[in-house]
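Novice: Handing you a structure now.
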Amino acid sequence: MCLSYLLYYPKVDLKYCQSRPTYDSISNDQNYIRSLIHTYNWTSPDTREMFKRQLRESSIIHDCRGDHMVPMVMQYTFHENATNFIPSESPACH
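Laid out in C-alpha cells, this is it:
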C-alpha cells in the first residue's frame, strides 16, 4: 500500500503515488539491494525478523503527483509507538 495515499484527503487530482523504504541499514544502491534480497532465506523466522527490523530503521520516501499539484518528494523516518493499540470499548466503533 502506498503510504502517500494519506495525501489524498482532501480530495485532489492524484495521478501518481509511490512510497518506498530506503533500506538505510543495508545500502543506498538499489541494484545491490535487489540482488541481496534474493540471497535471503525467507523461510527462516530469523531472516524475516531481521528484514522487519531493517524496514523499521529505514526512512520512507513518498512521492505524489497529479494535475494542479506541485510535485513533491518527501523522506520520513517513522518511529515505533511506545504503546500498543488499545481497541475502543464503544459499540459505535465495532
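Per the UniProt record's numbering, the sequence shown runs over residues 1 to 94. C-beta: ideal position from N, C-alpha, C; glycine also.
1. On a Cα-Cα basis, can you pick out the residue from F85, I26, Q30, P87 that is closest to M50?
2. Give the DSSP-derived three-state secondary structure of D13 in the structure shown.
3. DSSP three-state call for M1: helix, strand or coil?
4. Return the CA-CA distance between N31 and R56, expressed in angstroms with no decimal places.
5. Since D13 contacts D67 with CB under 8 Å, what's their CB separation in whole angstroms?
6. I'd like the list of long-range same chain contacts for S58, defined as Cβ closer than 7 Å, with 5 residues on each side in sequence excluded.
7. Assuming W42 and R34 form a contact by the criterion Cβ under 8 Å, report the distance between their Cβ atoms to the nearest whole angstrom.
8. Name the DSSP beta bridge partners of S90, please?
Specialist: Reading from the atomic positions:
1. Closest in alpha carbon position to M50, among F85, I26, Q30, P87, is I26.
2. Reduced to three states, the DSSP call for D13 is coil.
3. In this prediction, M1 has a pLDDT of 47, which is less than 50 and means its spatial position is unreliable; what the coordinates show is noted afterwards. Coil.
4. Take the alpha-carbon of N31 and the one of R56: they are about 21 Å apart.
5. Indeed they touch by this definition, with Cβ atoms about 4 Å apart.
6. So the list reads P21, T22, Y23, D24, S25, once near-sequence residues are dropped.
7. 14 Å between Cβ atoms; not a contact.
8. DSSP output for S90 lists no bridge partner at all.
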